[in-house]
Structure formats: structure tokens, C-alpha cells
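A.B. asks: Below: one structure in C-alpha cells.
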Amino acid sequence: MTNLKRSALLLALGLAAGPALAQTIAITGGTVALGDGSEPIQGGTVIVRDGRIVAAGRDVAIPPGAQQVDAAGRWVTPGIVAGFSRVGLVEVDAVAATNDTSAGNSPFSAAIDVAPAINPRAAAVAVSRAGGVTRAVVAPETARSIFAGQGAIIDLGADMEPITRARAFQYVELGEAGADEAGGSRASAHVLFRNALREARDLGRTGISGGGATRREARANDQRDLPLEEVPENRLLGPGAQRSDDVLLTRFDAAALVPVLQGRQMLLVHAERASDILQVLALKREFPNLRLVLIGATEGWTVAERIRASGIPVIANALNDLPASFEQLAATQSNVARMRSAGVDVSLGLINNEESRQVRLSTQYAGNLVALQKVPGAAGLSWGEALRMITSGPAEALGLGGELGSLKAGRRADVVIWDGDPLENGSAPVMVMIDGVQQPLQTHQTRLRDRYRTATEGALPKAYER
Amino acid sequence: MVSSKSLILPLLAVLAACSTTTESKTPKTASAGESRSKPATYSRDPFPSTYKVYPGVPTAITGATIFDGEGGRIENGTIVLADGVVRAVGGADTPIPDGATRIDGRGKWVTPGVIDIHSHLGDYPSPSVEAHQDGNEVTGPVRPEVWAEHSVWPQDPGFTRALTNGGVTSLQILPGSANLFGGRSVTLKNVPGRTMQQMKFPGAPYGLKMACGENPKRVYGSRNQMPASRMANVAMMRQTWARAQEYKRRWDKYEKDGGEMPARDLAMETLRGVLDGEILVHNHCYRADEMANIIDMSKEFGYKVSTFHHAVEAYKIADLLKQNGICAALWADWWGFKMEAYDGINENIPFVHNAGACTIVHSDDPNGIQRLNQEAAKALAFGRKAGIQIPDEVAWTWLSINPARAMGIADKTGSLKPGKMADVVLWNGHPFSVYTRPAEVWIDGALMYDAADPARRPVTDFELGQPGEGDVK
Numbered sequence: 001m002t003n004l005k006r007s008a009l010l011l012a013l014g015l016a017a018g019p020a021l022a023q024t025i026a027i028t029g030g031t032v033a034l035g036d037g038s039e040p041i042q043g044g045t046v047i048v049r050d051g052r053i054v055a056a057g058r059d060v061a062i063p064p065g066a067q068q069v070d071a072a073g074r075w076v077t078p079g080i081v082a083g084f085s086r087v088g089l090v091e092v093d094a095v096a097a098t099n100d101t102s103a104g105n106s107p108f109s110a111a112i113d114v115a116p117a118i119n120p121r122a123a124a125v126a127v128s129r130a131g132g133v134t135r136a137v138v139a140p141e142t143a144r145s146i147f148a149g150q151g152a153i154i155d156l157g158a159d160m161e162p163i164t165r166a167r168a169f170q171y172v173e174l175g176e177a178g179a180d181e182a183g184g185s186r187a188s189a190h191v192l193f194r195n196a197l198r199e200a201r202d203l204g205r206t207g208i209s210g211g212g213a214t215r216r217e218a219r220a221n222d223q224r225d226l227p228l229e230e231v232p233e234n235r236l237l238g239p240g241a242q243r244s245d246d247v248l249l250t251r252f253d254a255a256a257l258v259p260v261l262q263g264r265q266m267l268l269v270h271a272e273r274a275s276d277i278l279q280v281l282a283l284k285r286e287f288p289n290l291r292l293v294l295i296g297a298t299e300g301w302t303v304a305e306r307i308r309a310s311g312i313p314v315i316a317n318a319l320n321d322l323p324a325s326f327e328q329l330a331a332t333q334s335n336v337a338r339m340r341s342a343g344v345d346v347s348l349g350l351i352n353n354e355e356s357r358q359v360r361l362s363t364q365y366a367g368n369l370v371a372l373q374k375v376p377g378a379a380g381l382s383w384g385e386a387l388r389m390i391t392s393g394p395a396e397a398l399g400l401g402g403e404l405g406s407l408k409a410g411r412r413a414d415v416v417i418w419d420g421d422p423l424e425n426g427s428a429p430v431m432v433m434i435d436g437v438q439q440p441l442q443t444h445q446t447r448l449r450d451r452y453r454t455a456t457e458g459a460l461p462k463a464y465e466r
Numbered sequence: 001m002v003s004s005k006s007l008i009l010p011l012l013a014v015l016a017a018c019s020t021t022t023e024s025k026t027p028k029t030a031s032a033g034e035s036r037s038k039p040a041t042y043s044r045d046p047f048p049s050t051y052k053v054y055p056g057v058p059t060a061i062t063g064a065t066i067f068d069g070e071g072g073r074i075e076n077g078t079i080v081l082a083d084g085v086v087r088a089v090g091g092a093d094t095p096i097p098d099g100a101t102r103i104d105g106r107g108k109w110v111t112p113g114v115i116d117i118h119s120h121l122g123d124y125p126s127p128s129v130e131a132h133q134d135g136n137e138v139t140g141p142v143r144p145e146v147w148a149e150h151s152v153w154p155q156d157p158g159f160t161r162a163l164t165n166g167g168v169t170s171l172q173i174l175p176g177s178a179n180l181f182g183g184r185s186v187t188l189k190n191v192p193g194r195t196m197q198q199m200k201f202p203g204a205p206y207g208l209k210m211a212c213g214e215n216p217k218r219v220y221g222s223r224n225q226m227p228a229s230r231m232a233n234v235a236m237m238r239q240t241w242a243r244a245q246e247y248k249r250r251w252d253k254y255e256k257d258g259g260e261m262p263a264r265d266l267a268m269e270t271l272r273g274v275l276d277g278e279i280l281v282h283n284h285c286y287r288a289d290e291m292a293n294i295i296d297m298s299k300e301f302g303y304k305v306s307t308f309h310h311a312v313e314a315y316k317i318a319d320l321l322k323q324n325g326i327c328a329a330l331w332a333d334w335w336g337f338k339m340e341a342y343d344g345i346n347e348n349i350p351f352v353h354n355a356g357a358c359t360i361v362h363s364d365d366p367n368g369i370q371r372l373n374q375e376a377a378k379a380l381a382f383g384r385k386a387g388i389q390i391p392d393e394v395a396w397t398w399l400s401i402n403p404a405r406a407m408g409i410a411d412k413t414g415s416l417k418p419g420k421m422a423d424v425v426l427w428n429g430h431p432f433s434v435y436t437r438p439a440e441v442w443i444d445g446a447l448m449y450d451a452a453d454p455a456r457r458p459v460t461d462f463e464l465g466q467p468g469e470g471d472v473k
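Sequences listed follow chains B and U, in order. Position 372, counted from 1, in the first sequence is what the numbering used here calls 372; the numbers after and before it change by one each time, with no gaps. Position 463, counted from 1, in the second sequence is what the numbering used here calls 463; the numbers after and before it change by one each time, with no gaps.
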């Protein structure tokens, strides 16, 4: 993440001078929401320096010489973190050449790594950024295997360096979709899953290496408790690695699952039905090193106590309330708040729901969960909790809470200033900062808006209006 | 020509003679032997509505902010519902009949029920399994003979969610967009029924679903079948309209002059209904240039498009829409899922409204239909940021009177005017706020949803005995 590059780019775009690096910025007078679940603070201050949050809250002293940004009458929050998305992987969904979410004709599955496919100039990146989304969890989609591949955490900055963390997780389908990819049954999906992890274990034992390391070095590497930032790229097998003929995975795919098995790479598992959720929880007993996150969990509220006991975080859709499939019969908008009140660590994502283009709707979805507080018999969220679920919540679930998602000191300075309550219909960002750098909010859409404020033509065709 | 005519005339004489002989048993009026009597024809309504108004009690809501659905707004307003209709709407001094149930509406809002002009509930119901995919007759690009009502599964749980979360009281179910001519729509009242007819909106005209653009050409083009291009879309539509005109001529002549009844062609019957102005055209069309083509084609064949649906580029030709009196049914912020949706903008709805054209917020989605008020709110806000100041109460026309007009039911519902159906929502806050939900919903004056009363919350057959039955959804 080169902030230097960002500044250069912004200058090149001729934008009004954004907060410069190494300069201290004080955002003052706004309603400040930290993103940690607490309620908003009237007249709060946020201090940013060197791309990081220095302080945020009510009684924050403004350092001398700080550049002041007046946020009076406005709201200040951490940037929205899309807890589950496919943003940056798609330009136009129905134009196959622009859609890199899945690879139906590829020999690879778990080995697929979305990072090189992310296009920071995809229209959806700019549109989402203009909607206040600064980071996104980006997952691949399955095709011909229960394993989709390795997802990334990205930022939505206007530069060519979108990757916050590559290969942050492996993504697997274990509900209806997984059954379908596994040949037609959930039972088969579970066999495939166990087989895959065993093939990974065998590879882990016989040794794998990257960059010509010896078997001994590779083993040492595997035993080291690597911080996630250093999860190695898909590794070639080392010399001498023998595999049985009786294998189902390509070597790349099996190798990609080694860090999953060892707990050095997170495993995001999609399951909606209560019984599928319990099967996911059971995986932890069988493979104790797995670092699981449950994705979906529409019926999670019916087994919330057991999810809580497992300690596995959940990323759920906010508003599923239709029995859209037989794995979602118990769907209700109260799912999220019921899981939360049972003690489950839950946050929001867009799961198979316009996840490539509409992550900006996260705020509206969160607001709807607040609305449920007023519906008799429904379970809703406090405002602060709802914001947490689209900021620090997903960041924590993905192991990045120390870096992203809140206005706590030391976090990356992803900050949004809104013209109103960010969860309310029609509120919009007036300033978006990523890593302390002010971002452009123009998009293809805003340009069209400006050209077509009226449909009537002037002296020349519309194509001459810029 | 002369010789052929001379051949035909004796034949007709023979036919006439035959018919006279066979009908000789029936007594004849003076004109019966001549062809000026009203000839037998087909039923325009073979699946009639059996909807009945459910029991209601005289009800008065007081102290609420009222949007009347036609752009009017009353602060501290009173509305009286009785006998299934709106009896009175006015200020605090509005007389309330003795014995009426009084509801304190202070801090709340009253609006007409939301009308969704574009839904597939029932035809693409939940659960969305293959056996339920009944919304597109994809066996040919020209299928005006199919009627969406014959696919409607009244047990779709989506109807209940649209009621309780969205305040939707009427909705048009359209067949899908795989076809150039997709078939007839049906308008329903959002009341649970055992049969489709029990939900059918009494007296609502039929619609014809048409589609231009990518969907028909993709579906049939991928089968190496016409239409595989936009030019083929238009060619097939024009050829079909030409056939319809001929069909209409034959039937008009028969219905005027009698003679041999022409063969019935259900596909052509629908199109004849359009050419006669009885059936309203609902045309799925995204791109500005294509909408202009459709408008020209409609003029060529003498019909009118009621509404362009999904018109993502309506803002580029808002003047054309205004000029031709065509409504645009729009999403607030959908964009980019296919090429023809690439130029979607957040200001589409307010821009079209600002040009003076009829503007509608629609869903085309079982989730979106639960939040049409929020969709309108987002569009309204983006419009204001772009300098277009539309009052809240005027924006509500997008959700009620405009769709009602476009569906031909504005004389019965779509606004809170005395005598109209009492299709009413009491919202627990400002209806454009994300934090607001319906508190109570009346349809024809019957209380069909009450957030505070679990007994006023429908549970479909499908959900009975299932996990989550009867839960607040």
C-alpha cells in the first residue's frame, strides 16, 4: 500500500488538495461514530496522521498546526467494510469476458487466487467508494468444486494498488450450492471436503516448498507461526513430494489447502440451513486448527446458542426473510439481532445478493435492522451495533480488526464524512478518505448525471457536453 | 379478379343456404336471417375475479401526516374509512362518524397502499426451485397467448412480506422478459387467497408484457433461433403486429357484419385487445435508443405503450416520454448487471419526474417489493442533491397514483380520495425513513396487517408447520 502513489495520483487528477501525508488532519464538529458498537458522539473530533487514526472522540485535543476539516452538521464514521462481496471482480455481470467471479472451465479450484483479477478501475469500485465503502472482503465463486479459491481484502482507493491482504481466506460452499458442485448431495460435499484436507495434510507431511527451499526448510516454514500477512503464494511441490495416484485435487489445489488445514489461512464456509451450520461447527472438532468464519447462516438464529459456543464468527445477509430455498425456510430479518443477542459474533455482508456492484447498500441494510427495534416481536439492532456490523465487525471476523474498521487510535485512516445519518435513505458521503488520503467521488454515473440533468439538447449533441 | 369473385359469390350463397337449413328449427326474428344481428363472440373475462371485500369496521385515523397519493399533504390530518372505501380525508376538524374505531396517528404517517406495477410474485415464488419457474414461456419469442394469472401460486410467501414490510396493497404480476411478447399480466389485490381469482383486482384491465433488448435476443439467439439481434427483435414484433392488425380486421368485420365466425387465435386475441385499447402495453426496455424505436413502432401499428419498465436510460429521453404520454417504471439505483443497464444513474427517477413525465418506482423483485418506499426515498434524496426539489408528498405519486394510472385502476385506488377503495397504510414514522415500517395496512377498509397483533399476520400454507412459522419476518 503505497500512500505516496496515492498522493501522486490525486495530484494528477487535479483534485482539490486532499490531506497530505505526514500532515495532521483534525475533523471537527461532526457527529462521530467510532464503528465499535458505541453510539455516536455529538461534536466529536477525529485526528488523522500519516494515514492512521491518532484519536477520535469527544474530548480530543487538536494538535497545533493540524489541518482542520469542519464537519459540523455532518456525520463522521469509519469507511464501510463490505463483509462479503465480489467487488472488483466484475465489470458487467452478464458480459462473461468482464466477469472473473468463477471459472467454470478451469482445472483449478482451491488454488485460484482472486488478487490478480481485481480491477481497481472497475466501475463498481468507484461507485462503491462514492457510497462510502472503503474496504471489501472479496470472495471468488465456486464452479465445478466446493472450493471457490482464495479471496482477498481490498481497499477501494483510486489507485492501482487495491490489495490490502491477498489470499486472506479460502472460500467453500457446504450448503445447497456445495451439494450441487459435489455431484448432487451434501454428503458428497462433506466427503470431498475431508478428502481435500487429507490430501493437503499429506502434502504438508511430505513437504512443500516455494522458491526451491529444501524439504527440511519447507517443514520448518510450515511449523513457523507465520503472521497472516505472510501467507505464502500457492507453492509448487518440493522435490521428492510423492502423491498417491488416488488423488482428486490438482497439486496446486491441494497445496492451497495446506495453510487452511494448518490454521494459517482463514476458511470461509457458506451454509444457510441449520443442519448445515451444525456440520460446519463440527468441522472444528475434526480439524482443530481450522480458523472458520460462517457465511450466510440464514437459519442461524435457530441454533444461535451452538454457534456462540463454537466461537465462530458469522457474516450474514441483513434482510433475508423469504424461504427463497429449502435451506432458508426459517428466514427472518430478526436473524442477525437474535444471533447477536445470543452472543454470536455476527456482522453483515452481501452474500449472493448483488455482491459485485451494490455493496454501497450495506448502510441501508444496516438501517433496516435498526428499524426492527420498533416492530413488535422482531429483533433489531441499536444504531451503533448496526454500524459496527458494516465496519469493524467484518474486519474483526477476518482477523483485521487491529488495522481496519474503526476510528480507534492506530487503525488505518479510512474515514467517511456523510451529509446525514449514514444509515438513513439518501445520505451520501461528502468526503471519503482511505489510508488518510482523500478520494475522488466522481463516477461514470455522476458524469452521466451531469450531462443529462435535462434530456434536451443544446446547440450541439449531448456527446459534446462534458 | 373478376373471375375469382364470380366463383366466390355462388359459394357464399350455398353456405348461407346451408346455415339457413340447419338453423331452421330455431324461431327467427325479423333480422335473424340477415347478418346484422350481434354475432356470437368470445368472453373477454373467462377467469373472473371472485375477490370479496373482507369485513372492516368504520375507522378514523387522527393526528397523522397524510400523503394523499396525488401530491397532496395534510398535517394533523384525519382519514375516515367505512364500507370498504375512503369516506373522508381532511384536517383535524373532519367529522368522525359515531362508533368509528379511532386510531391515534400522532407521530405517524398515512399513505395510500403501495402499488407495484412490476412483480413476479406467484409466478416466480419462494422457494425458488425449478418446479416453481412459471414466469416465462420460453418456447417461442412470440407468446401473447399465455396469461400470467394461470401461473400464479397464491401461496407464495412473498405476498405476505410485501404486505407487512412494504405496505403493498395492489400489484401487477407480469410474465417474464424472455419473450418479445410475453403474455398477459394480471393485477391482484394483496390479499391471501386459495385461488388466483380470489386475489384478482376486480375490473382491472389486462396488460401485455413486451420486451425489447438483450433478454429475447439472448434466449433465442443462444438457440440459433430468431431473434438473435436487436434488429430481429423489431422485425419479429412488427411482423406480429401486422398479423394482429389483419386478425383484428377479420374479427371487427365479423362482429359488425356477422357471417362465419373467424377461428380464434388466443395469441392474436391478446394483441387485438391492445389494438382496441382494452389491454395496456407494459414494455420491458432499458436503452433510450430502443425505447424510441418502440415508440415509432407503436405509432406504425396504432397502439400505445402504457409504460416502459426497467427504463434505466429513461433520463436520456425523458422529453420523449413526456411528449408521448408514456410512464417510466424504474429502480432507484440498480445498474450494471448487464450491458443495457450500464448507464444506470441514481437520479433517473427524479430526472424523469422533473421532465414532467409519469414516473413510477417498481421492484421486479421479491425483496425490493418490501422496500419500495425506501427506493423512492433514495431517488428523491439524490434528486435533491442534484438540485431537483420534489416534495415528499409529490414523490409518493411514484408509489400510488402513477402506477394506478399506468395499470388502468386509478379510478378505484392509488390515492386517498373519498369513494376510492380504502387501501391505506399507517406507517410508524416517516415513510421515507429507513427506520420506518408499516404499523397497520387496510385493503378495501379491512385490516389485513397490524404489527401489534399476531392474529393480523398472514402465514401461507407453505410455511405452516415449517421452521419459523408465524414469526415476524
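Virtual Cβ for every residue (Gly too), placed ideally from N, Cα, C. Bear in mind the structure is a predicted one, so any value in this text is a computation, not a measurement.
(1) Please report whether the beta-carbon of residue 473 (chain U) lies at a distance below 7 Å from any beta-carbon of chain B.
(2) Mind checking whether residue 115 (chain B) and residue 146 (chain B) have CB atoms under 7 Å apart?
(3) Residues of the stretch 421 to 448 of chain U with a CB closer than 7 Å to any CB of chain B: list them in chain order, please.
(4) In this structure, how does DSSP classify residue 470 (chain U) when only helix, strand and coil are distinguished?
(5) Only counting the same chain, and skipping five residues up and downstream in sequence, which positions put a Cβ closer than 7 Å to that of residue 380 (chain B)?
(6) Please state whether DSSP places residue 101 (chain B) in a helix, a strand or coil.
(7) Check the Cβ of residue 93 (chain B) against every Cβ in chain U and list those closer than 8 Å, keeping chain order.
(8) Counting only beta-carbon separations shorter than 7 Å, does residue 455 (chain B) have a partner in chain U?
(9) Can a CB atom of chain B be found closer than 7 Å to the CB of residue 480 (chain U)?
(10) Tell me, please, whether the CB atom of residue 468 (chain U) is closer than 7 Å to any CB atom in chain B?
(11) Apart from the five residues just before and just after residue 409 (chain B), which ones in its own chain have a Cβ nearer than 7 Å to its Cβ?
(12) Taking DSSP as the reference, what is the three-state secondary structure of residue 192 (chain B)?
(13) Once DSSP output is grouped into helix, strand and coil, what is the label at residue 170 (chain U)?
(14) Counting only the same chain and skipping the five closest in sequence on each side, list residues whose C-beta sits under 6 Å from that of residue 324 (chain U).
(15) Using alpha carbons as the reference points, say which of B:416, B:174 and B:437 lies closest to residue 188 (chain B).
(16) Mind checking the stretch 315 to 329 of chain U against chain B and listing, in chain order, the residues whose C-beta falls within less than 8 Å of any C-beta there?
(17) Going by DSSP in three states, residue 319 (chain U) sits in which element: helix, strand or coil?
(18) Given a cut-off of 7 Å on the beta-carbon distance, is the pair residue 314 (chain B) and residue 346 (chain B) in contact?
(19) Does the stretch 411 to 419 of chain U touch the stretch 215 to 228 of chain U, meaning 3 or more C-beta pairs lie closer than 8 Å?
(20) Rounded to whole angstroms, how far is the Cβ of residue 86 (chain B) from the Cβ of residue 355 (chain B), which I believe are closer than 8 Å?
(21) Answer with buried or exposed for residue 431 (chain B), where buried requires no fewer than 16 other C-beta atoms within 10 angstroms of its C-beta.
(22) Please tell me whether residue 268 (chain U) and residue 247 (chain U) are closer than 7 Å, where the distance is taken between their beta carbons.
(23) Using alpha carbons as the reference points, say which of B:307, B:192, B:36 and B:44 lies closest to residue 30 (chain B).
(24) In chain order, which continuous runs of the beta strand (DSSP E) of length 3 or greater are located wholly inside the stretch 428 to 463 of chain B?
(25) Give a yes or no on whether the C-beta atoms belonging to residue 288 (chain U) and residue 326 (chain U) are separated by under 7 Å.
(26) Does the separation of the CB atoms of residue 166 (chain U) and residue 372 (chain U) fall below 7 Å?
(27) Roughly how many angstroms separate the alpha carbons of residue 104 (chain B) and residue 279 (chain B), rounded to a whole number?
(28) Between residue 390 (chain U) and chain B, is there a C-beta pair that is closer than 7 Å?
(29) Tell me whether residue 460 (chain B) is buried or exposed, calling it buried when 16 or more other Cβ atoms sit within 10 Å of its Cβ.
(30) Taking 7 Å as the threshold (beta carbon to beta carbon), is residue 9 (chain U) in contact with chain B?
(31) Against chain U, with Cβ distances strictly below 7 Å, would residue 355 (chain B) count as a contact?
(32) Could you pull out every residue in the same chain whose Cβ sits closer than 6 Å to the Cβ of residue 165 (chain B), ignoring the five residues on either side in sequence?
(33) On the criterion of 16 or more Cβ atoms from any shown chain inside 10 Å, does residue 299 (chain U) qualify as buried, or is it exposed?
(34) What are the start and end residues of each continuous beta strand (DSSP E) run of 3 or more residues lying completely inside the stretch 47 to 112 of chain B, in chain order?
(35) From residue 221 (chain B) to residue 205 (chain B), what does the alpha carbon distance come to, in whole angstroms?
(36) Following the continuous alpha helix (DSSP H) through residue 57 (chain U), name the residue where it begins and the one where it ends.
C.D. replies: Judging by the given coordinates:
(1) Counting from 1 along the second sequence, the entry for residue 473 (chain U) is found at position 473. Chain B, which has a Cβ nearer than 7 Å to the Cβ of residue 473 (chain U), makes this yes.
(2) Along the first sequence, one-based indexing puts residue 115 (chain B) at 115. Along the first sequence, one-based indexing puts residue 146 (chain B) at 146. Not closer than 7 Å, so no.
(3) Cβ contacts with chain B: 428, 432, 433, 434, 435, 436 and 437.
(4) Position 470 of the second sequence holds residue 470 (chain U). Residue 470 (chain U): coil per DSSP, three-state reduction.
(5) Here the question's residue 380 (chain B) lines up with position 380 in the first sequence. Here the set comprises 337, 369, 370, 371, 372 and 373.
(6) Taking the first sequence and counting its residues from 1, one reaches residue 101 (chain B) at position 101. Coil at residue 101 (chain B), not helix or strand.
(7) Within the first sequence, numbered from 1, the residue matching residue 93 (chain B) stands at position 93. Correct list: 336, 337 and 338.
(8) Walking along the first sequence from the start, residue 455 (chain B) turns up at place 455. True, the Cβ-Cβ gap to chain U drops below 7 Å.
(9) Residue 480 (chain U) lies beyond the stretch modelled for chain U, which goes from 1 to 473, so this question has no answer here.
(10) By one-based count along the second sequence, residue 468 (chain U) stands at place 468. True, the Cβ-Cβ gap to chain B drops below 7 Å.
(11) The count along the first sequence starts at 1 and reaches residue 409 (chain B) at position 409. So the list reads 53, 54 and 55, once near-sequence residues are dropped.
(12) Position 192 of the first sequence, counted from the start, is the residue given in the question as residue 192 (chain B). Here residue 192 (chain B) sits in helix by DSSP.
(13) The sequence position of residue 170 (chain U) within the second sequence is 170, counting from 1. It is a strand residue.
(14) Residue 324 (chain U) sits at position 324 when you count from the first residue of the second sequence. Annotation for residue 324 (chain U): 295 place their beta carbon closer than 6 Å to its own, counting only its chain and skipping 5 residues before and after.
(15) Along the first sequence, one-based indexing puts residue 188 (chain B) at 188. For residue 188 (chain B), the nearest C-alpha among the options comes from B:174.
(16) 315, 316, 317, 318, 319 and 320
(17) Counting from 1 along the second sequence, the entry for residue 319 (chain U) is found at position 319. Here residue 319 (chain U) sits in helix by DSSP.
(18) Start at 1 with the first residue of the first sequence, and residue 314 (chain B) comes out as number 314. Start at 1 with the first residue of the first sequence, and residue 346 (chain B) comes out as number 346. A contact, by the Cβ cut-off of 7 Å.
(19) As far as the Cβ criterion goes, the stretch 215 to 228 of chain U does not touch the stretch 411 to 419 of chain U, which means the pair count is below three.
(20) Taking the first sequence and counting its residues from 1, the one referred to as residue 86 (chain B) is at position 86. Taking the first sequence and counting its residues from 1, the one referred to as residue 355 (chain B) is at position 355. Residue 86 (chain B) to residue 355 (chain B), Cβ: 5 Å. Contact.
(21) Position 431 of the first sequence holds residue 431 (chain B). So residue 431 (chain B) ends up on the buried side.
(22) Here residue 268 (chain U) refers to the residue found at position 268 when the second sequence is read from its first residue. Here residue 247 (chain U) refers to the residue found at position 247 when the second sequence is read from its first residue. It is a contact, given that the beta carbons lie within the stated cut-off.
(23) Counting from 1 along the first sequence, the entry for residue 30 (chain B) is found at position 30. It is B:44.
(24) 429 to 434
(25) The residue labelled residue 288 (chain U) in the question sits at position 288 within the second sequence. The residue labelled residue 326 (chain U) in the question sits at position 326 within the second sequence. In this structure, the beta-carbon distance from residue 288 (chain U) to residue 326 (chain U) does not fall below 7 Å.
(26) By 1-based counting over the second sequence, the position of residue 166 (chain U) is 166. By 1-based counting over the second sequence, the position of residue 372 (chain U) is 372. Result yes, Cβ atoms of residue 166 (chain U) and residue 372 (chain U) sit closer than 7 Å.
(27) Residue 104 (chain B) sits at position 104 when you count from the first residue of the first sequence. Residue 279 (chain B) sits at position 279 when you count from the first residue of the first sequence. Roughly 27 Å between the two C-alpha positions.
(28) Here residue 390 (chain U) refers to the residue found at position 390 of the second sequence. For residue 390 (chain U), the answer is no, since every Cβ of chain B falls outside 7 Å of its Cβ.
(29) By one-based count along the first sequence, residue 460 (chain B) stands at place 460. Exposed: under 16 other Cβ atoms inside 10 Å.
(30) Taking the first residue of the second sequence as position 1, residue 9 (chain U) is located at position 9. In this prediction, residue 9 (chain U) has a pLDDT of 38, which is less than 50 and means its spatial position is unreliable; what the coordinates show is noted afterwards. Judged by the 7 Å Cβ criterion, residue 9 (chain U) is not in contact with chain B.
(31) Counting from 1 along the first sequence, the entry for residue 355 (chain B) is found at position 355. Closer than 7 Å: no.
(32) Residue mapping note: residue 165 (chain B) aligns to position 165 of the first sequence, counting from 1. For residue 165 (chain B), where only same-chain residues beyond five positions count, the Cβ hits under 6 Å are 153.
(33) Stepping through the second sequence from its first residue, residue 299 (chain U) is reached at position 299. The residue is exposed, with fewer than 16 neighbouring Cβ atoms inside 10 Å.
(34) 52 to 57, 67 to 70, 75 to 78 and 80 to 85
(35) Counting from 1 along the first sequence, the entry for residue 221 (chain B) is found at position 221. Counting from 1 along the first sequence, the entry for residue 205 (chain B) is found at position 205. Its pLDDT being 43, under 50, residue 221 (chain B) is placed unreliably in this model, and the value from its coordinates should be taken loosely. If I take the Cα positions, the gap works out to 12 Å.
(36) Within the second sequence, numbered from 1, the residue matching residue 57 (chain U) stands at position 57. Looking at the DSSP string, residue 57 (chain U) is not in any alpha helix (DSSP H), and its letter there is neither H nor E.
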